[in-house]
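Below you'll find the structure, written out as structure tokens, and then a few comments.
Number of protein chains: 4
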Amino acid sequence: MNTASTATTKTSQPRLRADAQRNRERIVAAAREVMVEHGAEVPLDEVARRAGVGNATLYRHFPDRADLLHHVTLSVLDRTADRAERALAAEDGDAFQALRAFVHAAVEERIGALCPLLSDGVDKDHPDLLAARDRLERAVESLMGAARESGRLRADIAVGDLMVAITQLTRPLPGNRCTDFDRFVHRHLQLFLDGLMAPARSELPGSAATLDGLRQQCRR
Amino acid sequence: MNTASTATTKTSQPRLRADAQRNRERIVAAAREVMVEHGAEVPLDEVARRAGVGNATLYRHFPDRADLLHHVTLSVLDRTADRAERALAAEDGDAFQALRAFVHAAVEERIGALCPLLSDGVDKDHPDLLAARDRLERAVESLMGAARESGRLRADIAVGDLMVAITQLTRPLPGNRCTDFDRFVHRHLQLFLDGLMAPARSELPGSAATLDGLRQQCRR
Amino acid sequence: MNTASTATTKTSQPRLRADAQRNRERIVAAAREVMVEHGAEVPLDEVARRAGVGNATLYRHFPDRADLLHHVTLSVLDRTADRAERALAAEDGDAFQALRAFVHAAVEERIGALCPLLSDGVDKDHPDLLAARDRLERAVESLMGAARESGRLRADIAVGDLMVAITQLTRPLPGNRCTDFDRFVHRHLQLFLDGLMAPARSELPGSAATLDGLRQQCRR
Amino acid sequence: MNTASTATTKTSQPRLRADAQRNRERIVAAAREVMVEHGAEVPLDEVARRAGVGNATLYRHFPDRADLLHHVTLSVLDRTADRAERALAAEDGDAFQALRAFVHAAVEERIGALCPLLSDGVDKDHPDLLAARDRLERAVESLMGAARESGRLRADIAVGDLMVAITQLTRPLPGNRCTDFDRFVHRHLQLFLDGLMAPARSELPGSAATLDGLRQQCRR
DNA sequence: GATGAATGAGAATTCATTCAT
DNA sequence: CATGAATGAATTCTCATTCAT
Chain A
1 MNTASTATTK TSQPRLRADA QRNRERIVAA AREVMVEHGA EVPLDEVARR AGVGNATLYR
61 HFPDRADLLH HVTLSVLDRT ADRAERALAA EDGDAFQALR AFVHAAVEER IGALCPLLSD
121 GVDKDHPDLL AARDRLERAV ESLMGAARES GRLRADIAVG DLMVAITQLT RPLPGNRCTD
181 FDRFVHRHLQ LFLDGLMAPA RSELPGSAAT LDGLRQQCRR
Chain B
1 MNTASTATTK TSQPRLRADA QRNRERIVAA AREVMVEHGA EVPLDEVARR AGVGNATLYR
61 HFPDRADLLH HVTLSVLDRT ADRAERALAA EDGDAFQALR AFVHAAVEER IGALCPLLSD
121 GVDKDHPDLL AARDRLERAV ESLMGAARES GRLRADIAVG DLMVAITQLT RPLPGNRCTD
181 FDRFVHRHLQ LFLDGLMAPA RSELPGSAAT LDGLRQQCRR
Chain C
1 MNTASTATTK TSQPRLRADA QRNRERIVAA AREVMVEHGA EVPLDEVARR AGVGNATLYR
61 HFPDRADLLH HVTLSVLDRT ADRAERALAA EDGDAFQALR AFVHAAVEER IGALCPLLSD
121 GVDKDHPDLL AARDRLERAV ESLMGAARES GRLRADIAVG DLMVAITQLT RPLPGNRCTD
181 FDRFVHRHLQ LFLDGLMAPA RSELPGSAAT LDGLRQQCRR
Chain D
1 MNTASTATTK TSQPRLRADA QRNRERIVAA AREVMVEHGA EVPLDEVARR AGVGNATLYR
61 HFPDRADLLH HVTLSVLDRT ADRAERALAA EDGDAFQALR AFVHAAVEER IGALCPLLSD
121 GVDKDHPDLL AARDRLERAV ESLMGAARES GRLRADIAVG DLMVAITQLT RPLPGNRCTD
181 FDRFVHRHLQ LFLDGLMAPA RSELPGSAAT LDGLRQQCRR
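Protein chains in written order, with UniProt numbering: chain A, 1 to 220; chain B, 1 to 220; chain C, 1 to 220; chain D, 1 to 220.
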């Protein structure tokens with residue numbers, strides 16, 4: 001499924017020579033890994049070194065950092081969408097459990113690395129990105145819809161809520177050597193998912209009004 | 001309470017001239033603000049400029065970035081502990097609600113900026129940090145203890161779970177212009193808190209064993 | 001006169017520390033020399049080295065190449081204007097000769113280096129530049145006016161004609177080791193000046209019409 | 001005449017395949033154009049792109065920049081010599097006018113681009129270059145000889161004087177968008193030519209002695 | 001003690017040139 | 001032969017840190 005679905009969101013490029021294509025993929029993979037580990041600010045020379053290519057090769061493929069981030073983001077979105085679709089396909093009667101499975105699986109795709117998506121340089125409205133996001137959100141929406149219908153998912157939650165939250169909860173800690181990062185992450189996701197279950201246990205601040213009320217409350 | 005309690009975690013410094021002390025505080029405040037906005041990687045000259053002092057003055061007070069981060073972290077921890085203690089004092093019968101109030105209030109202290117705490121350069125075992133953390137955790141533990149006793153907070157959650165989670169959920173998005181960042185944040189915290197309520201709705205992966213089980217599940 | 005007149009076109013800067021001011025001047029001087037020799041494209045590190053400062057010092061004073069060029073240009077304009085004013089003051093009855101003296105003297109100021117003035121990055125409409133140009137053109141105009149009145153300078157020549165022409169004729173040859181560059185230059189200027197004498201020996205193509213005529217002629 | 005005379009200065013190359021020969025010429029033509037526009041420092045990839053060939057093709061034909069410059073120079077010299085010979089052939093009684101015609105015509109060949117000729121990398125003593133220069137100078141010498149004999153051209157001017165001067169006067173201004181560049185150029189040439197007419201209006205500094213005298217004069 | 005200035009080390013990016021298809 | 005791809009060396013520019021006033 002991976003290849004097929006991936007192809008869906010990819011714009012047709014001018015045919016690349018086989019070796020160039022391989023390098024291109026290596027670079028994106030290396031960037032994904034190293035940026036997940038050390039943040040989006042890593043020296044691009046480091047990315048190139050990890051990919052096993054010269055720095056200029058990286059620049060040939062991705063003229064600047066923003067362009068590289070764009071493609072890393074696409075890659076993460078695609079892979080995460082694959083996971084969502086897979087979870088959807090594997091659903092076996094417990095819709096909420098399918099949603100849970102997807103959320104925990106998303107960690108493996110380092111979805112926390114999606115944050116660079118929002119960094120200054122990247123064009124969030126680029127058609128490719130919109131398409132990839134769309135595909136992901138559509139799949140997650142399906143998972144959520146089924147869970148909602150099963151009566152296990154509270155009704156006041158949008159797909160955006162979920163995506164941003166799991167992105168934040170899985171963000172790598174700077175400089176972390178991850179010893180038990182995973183353990184924490186999965187605990188947090190589990191707790192967060194518990195909060196998503198019906199019946200709702202609190203009212204969500206969604207309007208400016210409720211938000212302001214909440215703030216008053218905090219002040220004293 | 002603020003001043004008194006703050007003093008508690010401060011190690012005794014050699015007496016500073018009044019203006020030097022003021023500069024010192026301005027620098028930490030400026031650093032806290034600018035790092036919250038632009039991440040921990042901001043040029044220190046920028047911090048100095050915001051604080052209205054020369055860069056060399058910053059370096060006189062904080063010999064390197066790690067040292068500055070150390071003090072920013074202390075400051076955030078202290079202020080957040082103030083909030084926790086205040087929430088504790090303001091408790092009026094609903095212990096879980098007091099916990100909720102604290103969590104939402106912590107956003108105002110930009111607790112998400114605590115993440116630099118974990119960055120490479122900072123010594124996480126410095127006595128001052130341990131003390132500040134201790135004070136904060138003690139206060140939050142009190143809040144949680146009361147909530148647990150009231151039967152509203154599930155029992156399988158440690159203070160670390162909560163602190164790391166809210167830190168992550170309130171991390172600033174890079175390059176964000178924050179228009180409705182707050183709205184999202186408070187929604188997520190609300191959902192997360194809902195997940196913390198008793199009765200527990202799922203088992204948390206806390207041991208290596210359950211974690212592995214969870215992973216198996218994700219794989220297919 | 002030099003210092004006084006130079007001050008005329010300088011905008012008041014915030015007071016610089018004495019050493020900083022010295023560095024600033026050294027850098028401009030070095031840039032003028034090295035750019036005259038090797039063109040405006042020289043590595044800025046080279047300029048810094050020649051000025052005896054670190055490269056970052058250069059960047060502190062002149063944030064980018066365009067800014068440095070701007071100041072080099074100002075410097076050349078100022079020094080050339082000094083020459084023009086000096087020639088004016090030294091006039092002793094032969095106005096055309098005074099003009100000649102200025103033109104040959106301008107070589108010493110490397111007026112050919114003015115060409116960078118026209119390069120892409122520089123703002124030709126910056127007030128400081130306009131002022132410096134104005135001062136120079138005013139002085140040259142005076143020289144030309146006197147020569148015209150003496151009946152030795154043909155009437156159809158504007159100050160711009162002269163300035164651009166001598167700029168071009170004194171442009172350094174790329175990679176030249178200049179042994180007898182000076183000899184050529186002064187010969188060319190002499191010839192060009194001869195062409196400026198009255199009575200006019202040809203009609204100058206100044207309108208589109210005459211220019212087109214000239215082109216036709218060239219075609220066959 | 002063009003083809004024949006061009007052949008004269010070309011050393012016999014190993015027979016090239018027709019398409020290779022065409023590529024070679026396209027590259028030189030592209031280089032001439034792009035270097036005239038943007039200076040001799042343009043990226044060679046840009047030249048290749050303009051010529052519609054791959055960069056490696058350029059390198060196959062011209063192993064390095066100096067080699068390409070060499071051939072560009074040859075091309076300009078040849079074309080300019082063509083112009084000179086044509087002017088010579090078209091002479092119709094007014095020898096000085098024929099000289100004028102040639103000078104203005106040389107602009108069209110962008111003779112100002114000859115300056116790269118003198119840049120470091122090029123071997124000015126290469127037989128091909130000497131031959132091309134020779135041919136050009138011989139033709140110009142003929143024009144000048146006739147003009148001298150007609151009594152209209154002053155006697156103290158060598159062919160080198162003229163060639164270097166018109167090269168300088170027609171040098172493209174960096175970053176110029178050429179709107180009225182041509183107008184200026186032709187005006188300057190006209191003035192310069194006027195200075196070449198007999199009777200001489202000044203003594204030319206040709207010896208070290210006269211040059212020094214001139215310098216003294218400039219000093220005060 | 002406070003400050004502006006100086007600096008070298010390092011990161012991003014470009015480009016001439018070589019290599020593999 | 002022609003080409004696109006790869007590469008390292010060079011260049012611009014930034015920034016943490018030190019120095020001189």
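Think of the CB as a built atom: it goes at the ideal place given N, C-alpha and C, for glycine as much as any other residue.
CA-to-CA distance, residue j to residue i, given in whole angstroms
i	j	result
D:ALA84	D:HIS186	17 Å
D:LEU193	D:ALA146	15 Å
C:GLU203	C:HIS38	37 Å
A:CYS115	A:LEU74	12 Å
B:LEU58	C:ALA48	28 Å
A:ARG171	A:ASP156	25 Å
residue 252 of chain D	B:PHE62	Nothing about residue 252 of chain D can be reported from this structure: the residues present for chain D run from 1 to 220 only.
C:ARG133	B:LEU173	50 Å
D:ARG201	D:ASP92	27 Å
A:ARG50	B:ALA31	34 Å
B:ASP82	A:GLN21	56 Å
residue 221 of chain D	C:ARG79	Coverage of chain D is limited to positions 1 through 220, which leaves residue 221 of chain D absent and any answer about it impossible.
A:ASP94	A:PHE184	25 Å
C:LEU69	C:LEU88	28 Å
C:ASP182	C:ALA113	15 Å
D:HIS126	C:ALA66	38 Å
D:ARG86	C:ALA90	48 Å
D:HIS104	C:THR167	20 Å
Under 9 Å from the C-beta of residue i: neighbouring residues of chain D
i	result
C:SER150	Those within 9 Å of C:SER150 in chain D number zero; the least Cβ separation is about 14 Å.
C:ALA165	LEU169, PHE184, ARG187, HIS188, LEU191, PHE192
Beta-bridge pairing of residue i - partner residues as DSSP gives them
i	result
D:MET197	D:LEU153
Whole-Å CB distance - residue i paired with residue j, under 8 Å assumed
i	j	result
D:LEU191	C:LEU196	6 Å
B:LEU77	B:LEU136	5 Å
C:VAL36	C:ARG110	4 Å
A:ALA198	A:ARG152	6 Å
D:PRO143	D:ALA98	For the sequence presented, residue 143 of chain D should be read as Leu rather than Pro. D:LEU143 to D:ALA98, Cβ: 6 Å. Contact.
C:GLY52	C:ARG24	Between C:ARG24 and C:GLY52 the Cβ distance is about 13 Å, and since that is not below 8 Å, they are no contact.
C:VAL140	C:VAL159	5 Å
C:GLU41	D:GLU41	6 Å
B:PHE102	B:SER150	At roughly 15 Å, the Cβ-Cβ gap does not stay under 8 Å, so B:PHE102 and B:SER150 are not in contact.
B:LEU169	A:ALA131	The pair is not a contact, with the Cβ atoms about 28 Å apart (cut-off 8 Å).
Interface flag, residue i vs chain D, CB-CB below 9 Å
i	result
C:ARG110	no
C:ILE27	no
Closer than 9 Å to chain A by CB, residue i
i	result
residue 287 of chain B	Residue 287 of chain B lies beyond the range of chain B shown here (1 to 220); nothing can be said about it.
B:THR100	Here residue 100 of chain B turns out to be Arg, not Thr, going by the sequence shown. Taking Cβ atoms only, chain A reaches closer than 9 Å to B:ARG100, which makes this a yes.
Any C-beta of chain C under 9 Å from that of residue i
i	result
D:ARG183	yes
D:GLU203	yes
D:LEU196	yes
D:LEU77	no
D:GLY160	yes
D:ALA200	yes
Contacts of residue i in chain D (Cβ-Cβ under 7 Å)
i	result
C:LEU74	Here the premise fails: no neighbours, minimum Cβ distance about 18 Å.
C:GLU137	Residues of chain D passing the Cβ test: none, with the nearest at roughly 16 Å.
9 Å Cβ cutoff, residue i in contact with chain B
i	result
A:ASP67	no
Under 8 Å from the C-beta of residue i: neighbouring residues of chain B
i	result
A:GLU41	GLU41
The ligand ADP heavy atom lying under 8 Å from the CB of residue i
i	result
C:GLN97	The ligand ADP is not part of this structure, which contains no ligands at all.
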